[in-house]
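J.: Those letters in the sequence shown? Residues 3 to 797, by the working numbering.
Just so you know, even glycine gets a beta-carbon here, dropped at the ideal spot from N, CA and C.
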Amino acid sequence: MKRLLSLLTLLVGLQLSASAQLKFEIAMPDSIVGKQYLKTYVENYVRQALIEAGKPTDPVVVKPVEKVKCADIGQGPNLLRVFEASATGIKLEFHGNKIDSILVDILTESGQPVTSHQIAPRSSIVSVPFGQLLPAGNYQLRLQGQSCKSDPQAGPFTIQNKETGGGTKPAPDPGAEAPGQGSGNGSVNPVGVLPLVNLTQGMDDHLNLIFRDSADVRIMSDIAPDNRSDKGKFLYRYLINGHQIDTDARLKNYVVAGNNPLRVLVGKLNRQYKSEGFNKWASTPQEAAGGWYKTDAAEAFSFNTSYAFQTFVAPAAQAASGFLNHVPQNYDPSSQQISWGDIGEDIKLPKGHFWGSSWYPWGVEKVFAKGVTHLAHHSLPWDAATSDQLAKDLKAAGKTFSDYQRIEAVFGRTNNGSPELWPNGTSKAIWPTADGLPADEAREWAWKTGGASDAIWLSEMSENVGWQPGWSPMFSAFYPELRKRYEQNFASKGIPYEIIHNYFWQGGESLNSGRSAEYYKDLFRKDPEDLPRTEFSPGAPLSATTMIVEAVYLPAPDLAMRQPTELAFRLEYFKQMGYHAGVVLFGQGETRPNNRYKINFSDGTYYKADKFPLDPNVHIASLFFGHVYGNATFEWGGYGWANQKLFDGRPGQPLTGDWFPLGSKEPRNNEFNKLWNGSGDFYHGFTGSADLTYFAHRLYAKTFGVTDGGERQYLTYRLDGGAWIIPSQYKADELVDAYKQQRGFALAQSRDGKTAWFYHNSFADNNWHTLEVKLPSGQVITERVAGNGIHAKIQ
3 MKRLLSLLTL
13 LVGLQLSASA
23 QLKFEIAMPD
33 SIVGKQYLKT
43 YVENYVRQAL
53 IEAGKPTDPV
63 VVKPVEKVKC
73 ADIGQGPNLL
83 RVFEASATGI
93 KLEFHGNKID
103 SILVDILTES
113 GQPVTSHQIA
123 PRSSIVSVPF
133 GQLLPAGNYQ
143 LRLQGQSCKS
153 DPQAGPFTIQ
163 NKETGGGTKP
173 APDPGAEAPG
183 QGSGNGSVNP
193 VGVLPLVNLT
203 QGMDDHLNLI
213 FRDSADVRIM
223 SDIAPDNRSD
233 KGKFLYRYLI
243 NGHQIDTDAR
253 LKNYVVAGNN
263 PLRVLVGKLN
273 RQYKSEGFNK
283 WASTPQEAAG
293 GWYKTDAAEA
303 FSFNTSYAFQ
313 TFVAPAAQAA
323 SGFLNHVPQN
333 YDPSSQQISW
343 GDIGEDIKLP
353 KGHFWGSSWY
363 PWGVEKVFAK
373 GVTHLAHHSL
383 PWDAATSDQL
393 AKDLKAAGKT
403 FSDYQRIEAV
413 FGRTNNGSPE
423 LWPNGTSKAI
433 WPTADGLPAD
443 EAREWAWKTG
453 GASDAIWLSE
463 MSENVGWQPG
473 WSPMFSAFYP
483 ELRKRYEQNF
493 ASKGIPYEII
503 HNYFWQGGES
513 LNSGRSAEYY
523 KDLFRKDPED
533 LPRTEFSPGA
543 PLSATTMIVE
553 AVYLPAPDLA
563 MRQPTELAFR
573 LEYFKQMGYH
583 AGVVLFGQGE
593 TRPNNRYKIN
603 FSDGTYYKAD
613 KFPLDPNVHI
623 ASLFFGHVYG
633 NATFEWGGYG
643 WANQKLFDGR
653 PGQPLTGDWF
663 PLGSKEPRNN
673 EFNKLWNGSG
683 DFYHGFTGSA
693 DLTYFAHRLY
703 AKTFGVTDGG
713 ERQYLTYRLD
723 GGAWIIPSQY
733 KADELVDAYK
743 QQRGFALAQS
753 RDGKTAWFYH
763 NSFADNNWHT
773 LEVKLPSGQV
783 ITERVAGNGI
793 HAKIQ
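1. Below 8 Å on the Cβ atoms is my guess for Gly688 versus Gln339; work out the distance and round it to an integer in Å.
2. If you follow the alpha helix (DSSP H) that Trp449 is part of, which residue opens it and which one closes it?
3. Return the bridge partner residues of Phe85 from the DSSP annotation.
4. So, Ala623 versus His762, is the Cβ gap smaller than 8 Å?
5. For Asp153, collect the residues of the same chain with a Cβ closer than 8 Å to its Cβ; drop the 5 residues on either side in sequence, then sort them by chain order.
6. To the nearest angstrom, how far is the alpha carbon of Gly182 from that of Gln274?
7. Excluding sequence positions up to five away, which residues of its chain have a Cβ less than 7 Å from the Cβ of Lys4?
8. Give me whichever residues DSSP pairs with Tyr608 in a beta bridge.
9. Looking at the C-beta of Thr402, does it have a partner C-beta in chain D at a distance below 8 Å?
10. Just mark Ile601 as buried or exposed, buried being the case when its beta carbon has 16 or more other beta carbons within 10 Å.
11. Alpha carbons only, please: which of Pro227, Ile247, Gly244, Leu271 is nearest the one belonging to Leu237?
12. Are Gly789 and Asn768 touching if we call contact CB-CB under 8 Å?
13. Find the nearest neighbour of Leu264 within the set Ala644, Leu616, Ala748, Lys756, judged by alpha-carbon distance.
14. Locate the beta strand (DSSP E) running through Met549, then write down its first and last residues.
15. Tell me whether the beta-carbon of Trp357 lies closer than 8 Å to the beta-carbon of Thr635.
16. Are the CB atoms of Leu625 and Val585 nearer to each other than 8 Å?
17. Alpha carbon to alpha carbon, how far is Ser285 from Asp215?
18. Taking Phe588 as part of the beta strand (DSSP E), name the residues at either end of that continuous run.
19. May I ask you to list the residues that DSSP assigns as paired with Trp638?
20. List the endpoints of the continuous beta strand (DSSP E) containing Met222.
21. In angstroms with no decimal places, state the Cα-to-Cα distance between Phe370 and Tyr481.
22. Taking 8 Å as the cut-off, decide whether the C-beta atoms of Gly632 and Leu721 are in contact.
23. Could you compute how far the alpha carbon of Pro729 sits from the alpha carbon of Asp739?
24. Is the Cβ-Cβ distance between Asn426 and Ala436 less than 8 Å?
25. If you draw a straight line from the alpha carbon of Leu664 to that of Lys676, how long is it in whole angstroms?
26. Which whole-angstrom value describes the C-beta separation of Val467 and Ala431, a residue pair presumed to lie in contact below a C-beta threshold of 8 Å?
27. Drop a sphere of 10 angstroms on the beta-carbon of Tyr141, count the other beta-carbons inside from all chains shown, and report buried for 16 or more, exposed for fewer.
28. Does Trp364 pass the burial test, meaning 16 or more other C-beta atoms within 10 Å, or should it be called exposed?
29. Evaluate the contact criterion for the region 452 to 459 versus the region 399 to 415: three or more CB pairs, one atom per stretch, below 8 Å.
30. Looking at the unbroken alpha helix (DSSP H) that takes in Trp342, where does it start and where does it end?
31. How about Met463 and Ile409: do their beta carbons lie closer than 8 Å?
32. When you compare the CB positions of Asn596 and Thr307, do they come within less than 8 Å of one another, or not?
33. Along the chain, where does the alpha helix (DSSP H) containing Ala519 start, and where does it finish?
34. Counting beta carbon pairs with one atom in the region 604 to 613 and one in the region 652 to 670, are three or more of them shorter than 8 Å?
35. Could you pull out every unbroken beta strand (DSSP E) segment of at least 3 residues lying fully inside the region 397 to 483, listed in chain order?
36. Run through the DSSP bridge pairs and tell me what Glu500 is partnered with.
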């Protein structure tokens, strides 16, 4: 269907030559579904196009293809049985010989068509997905040859109602079910469906999810009230993991398969701006003054909430076969405190891979045992009683990173208060010239700046009042000297180091810039000096740095859904430029800090305002790719553990949420007492971000970390019995093709008799799909996949 839509889109864009005499001949198989409709459509479309072009309307010839009978070239297809019927699909077995494709129709008991599939069978047993959720009842399956002519054969089947065991009672209307809390807890879970555990959620009036189990999937509905002010103007845009749905009503009967994490986010979008999405929504009237952004591009929920969300995980013991579970069985986020240091198993990253994190409250040695390699400068175990000896030892051992030191601190600058700017936009309050410091002074600072005591230099040079453009000549003087200092202090002692100019880079090539696949592929066939010129090019001001990191700092939620595939491409491109590659991730969207997180207390609920959470699958995949395609990962702002759930209550700190005492339907913020007016150790709320970060590193360490340094190969695969995807093995070609073709990709890495491999599809829906992959050994593996998460294993 997707290919048909693409074809029709292409047709609409055709410009017919005014000088051409055109005659169209379209060969169409006689048994094509909807033949008469499509035939009429093509005839009318072409005729109208010719009229508009001023051409005579020559007849459109639609020639049916004469097909031989199946019996003349082989046998069958003869339907043997129909079995394993569920609300989402069914299996059939047939006997046949030289049957290239079959047509399967699903009909109601009375013969009304429901759905139809053309399938190229690879065995006598075929899985037929319905592509929708069918209610309990009696149906017929009709089979006939598609590549050859045969008489249709029908077989009855029943989708049973799980509650009664019968086949005729319709599935209950989710709108009639009792309101739930969206956790999925307490439901009966058949084999293959694990209980969902709530990670984050907001207000039930904004989004209130309930789940039913059907066969091996969950059926999800949103029972929150329809609270749009103008139903003609606004629709609901749901983002369900990587799947976007626009609907005129609250979500009903959505199929969620698999046991990877789940995020559902919803907002009320102006129908006029469906193509631009939430990115069109102006945050302030000043932003709208430019003309492009619109204050009415979307509508807030109550309490000025931009987006409503719920995120879930499915903790489970590791099955003997199948993909690795992302979330271990002992994970329980109900306390709304991070717990990875307590519940996580010990892991170790391969040599040359770095993970920067914090040690509190578990202790330095314990977090190192959990896979962390570098501790942030500002959160080191500083202790005046010991003259900070442990912190100094960690720095000397090369186990720290500089924690995003700002450019003003790097160069010892103070703000003189001037509001004026230099012609290039830099601040006169910070810099004596538009280009910052003179070269000699910049060289001096390379040897005396404090941040260079950390083995990983990770700075914040490109934002805030003191920012300087990457082309500033002062960096041409600064970084070669800093590099000498790092060689002297670390490399000479066998300690690996990295110098990272800024925690994000908005330059370079990106798959979302709209260039052709050939353009992107050609980049990987050029030497660094022949690539498009940037501040990182050979001889440019930043060329003495060692690593470029991609920031997972995602904007409007519907712009960020394809991030993992784009990220993998960017990391490969950084390496093509001649640098190491890494990831700095922020576990929330970098926009609109007014979305409500439900924080539970025994005497009430606090709805804290903050930025929306990333899809946990994007979070895990991004950090996983940070090591598969790069060698370093850092998390910005992952809320840590606090001794008590008390928010910052120091004088002058505003309340950032609303307090609902137990039993109250209205906020009583003047009664909120979950505050701490001491110093440090404040509770910041709970997003689960730091725990998800550990789960990503655990997944990598147990798969590609085991085979690090091994031989890599993109895998040939297919989904649901379709055509085999044969990938290019040249650098990033397969990433480009997967992005452009809106499909998944599979990568294997083999070493010492073990093969780690994963499948990922940033464009996936959330239903089950049968994945077949050909491993480097030639073995064909069959697994089931669902959703946009990483599906990884080792064998």
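T.: Judging by the given coordinates:
1. Translated into the one-based positions of the sequence shown, residue 688 becomes position 686. Translated into the one-based positions of the sequence shown, residue 339 becomes position 337. The sequence given here places Phe at residue 688; Gly does not occur at that position. The Cβ separation is near 7 Å, so the contact holds.
2. For this step, residue 449 is matched to residue 447 along the sequence shown. Note, Trp449: alpha helix (DSSP H), 441 to 450.
3. Position 83 of the sequence shown, counted from the first residue, corresponds to residue 85. Listed as beta-bridge partners of Phe85 by DSSP are Lys93.
4. Here residue 623 corresponds to residue number 621 of the sequence shown, with the count starting at 1. Here residue 762 corresponds to residue number 760 of the sequence shown, with the count starting at 1. Yes, the pair counts as a contact, with Cβ atoms nearer than the cut-off.
5. For the purposes of this step, residue 153 is identified with residue 151 of the sequence shown, where counting begins at 1. Excluding sequence neighbours, Asp153 sits near Gln146.
6. As a position in the sequence shown, residue 182 is number 180, starting the count at 1. As a position in the sequence shown, residue 274 is number 272, starting the count at 1. With a pLDDT of 31 at Gly182, under the threshold of 50, the modelled position of that residue is not reliable, and the figure given next carries that caveat. Gly182 and Gln274 have their alpha carbons spaced roughly 33 Å apart.
7. Residue numbering aside, residue 4 sits at position 2 when the sequence shown is read from its first letter. No answer about Lys4 holds up, because its pLDDT of 35 lies below 50 and its placement is not dependable.
8. Position 606 of the sequence shown, counted from the start, is the residue given in the question as residue 608. Tyr608 pairs with Ile601, Trp661.
9. The chain inventory of the structure shown lacks chain D, comprising one protein chain alone.
10. Taking the first residue of the sequence shown as position 1, residue 601 is located at position 599. Ile601 comes out buried.
11. Numbered from its first residue, the sequence shown carries residue 237 at position 235. It is Leu271.
12. Indexing the sequence shown from 1 puts residue 789 at position 787. Indexing the sequence shown from 1 puts residue 768 at position 766. Yes, these two residues count as a Cβ contact at 8 Å.
13. Along the sequence shown, read from residue 1 onward, the residue named residue 264 stands at position 262. Closest option to Leu264, Cα to Cα, is Leu616.
14. On the sequence shown, residue 549 is found 547 positions in, with the first residue counted as 1. Where Met549 is concerned, the enclosing beta strand (DSSP E) stretches over 549 to 554.
15. Your numbering for residue 357 matches position 355 in the sequence shown. Your numbering for residue 635 matches position 633 in the sequence shown. Yes, the Cβ-Cβ distance between Trp357 and Thr635 is below 8 Å.
16. Walking along the sequence shown from the start, residue 625 turns up at place 623. Walking along the sequence shown from the start, residue 585 turns up at place 583. Taking the C-beta atoms as reference points, Val585 is found nearer than 8 Å to Leu625.
17. Residue 285 sits at position 283 when you count from the first residue of the sequence shown. Residue 215 sits at position 213 when you count from the first residue of the sequence shown. Distance between Ser285 and Asp215, taken at the CA atoms: about 39 Å.
18. One-based indexing of the sequence shown puts residue 588 at position 586. Phe588 -> beta strand (DSSP E) spans 582 to 588.
19. Counting from 1 along the sequence shown, the entry for residue 638 is found at position 636. Looking at the DSSP assignment, Trp638 forms a beta bridge with Phe588.
20. Along the sequence shown, one-based indexing puts residue 222 at 220. Met222 -> beta strand (DSSP E) spans 219 to 224.
21. Reading the sequence shown from its first residue, position 368 is the one you call residue 370. Reading the sequence shown from its first residue, position 479 is the one you call residue 481. Between Phe370 and Tyr481, the C-alpha separation is close to 30 Å.
22. The residue given as residue 632 occupies position 630 in the sequence shown. The residue given as residue 721 occupies position 719 in the sequence shown. No, the pair does not count as a contact, with Cβ atoms beyond the cut-off.
23. Here the question's residue 729 lines up with position 727 in the sequence shown. Here the question's residue 739 lines up with position 737 in the sequence shown. Looking at the two C-alpha atoms, the distance is approximately 8 Å.
24. Taking the first residue of the sequence shown as 1, we reach residue 426 at position 424. Taking the first residue of the sequence shown as 1, we reach residue 436 at position 434. In terms of Cβ geometry, Asn426 and Ala436 form a close pair [threshold 8 Å].
25. Translated into the one-based positions of the sequence shown, residue 664 becomes position 662. Translated into the one-based positions of the sequence shown, residue 676 becomes position 674. The alpha-carbon atoms of Leu664 and Lys676 are separated by roughly 14 Å.
26. Here residue 467 is taken as the residue at index 465 of the sequence shown, counted from 1. Here residue 431 is taken as the residue at index 429 of the sequence shown, counted from 1. With a Cβ gap of about 6 Å, Val467 and Ala431 count as contacting.
27. In the sequence shown, the residue the question calls residue 141 occupies position 139. Tyr141 comes out buried.
28. Mapped onto the sequence shown, residue 364 falls at position 362. Buried: at least 16 other Cβ atoms inside 10 Å.
29. Yes, they touch.
30. For this step, residue 342 is matched to residue 340 along the sequence shown. Its alpha helix (DSSP H) spans residues 342 to 345.
31. Stepping through the sequence shown from its first residue, residue 463 is reached at position 461. Stepping through the sequence shown from its first residue, residue 409 is reached at position 407. A contact, by the Cβ cut-off of 8 Å.
32. Counted from its first residue, the sequence shown places residue 596 at position 594. Counted from its first residue, the sequence shown places residue 307 at position 305. Contact flag set, yes.
33. As a working mapping, residue 519 is identified with position 517 in the sequence shown. Unbroken alpha helix (DSSP H) run through Ala519: 519 to 525.
34. Flag = yes, the region 652 to 670 and the region 604 to 613 touch.
35. The qualifying runs are 458 to 462.
36. As a first step, residue 500 is located in the sequence shown; it is residue number 498 there, counting from the start. Paired residue(s): Ile458.
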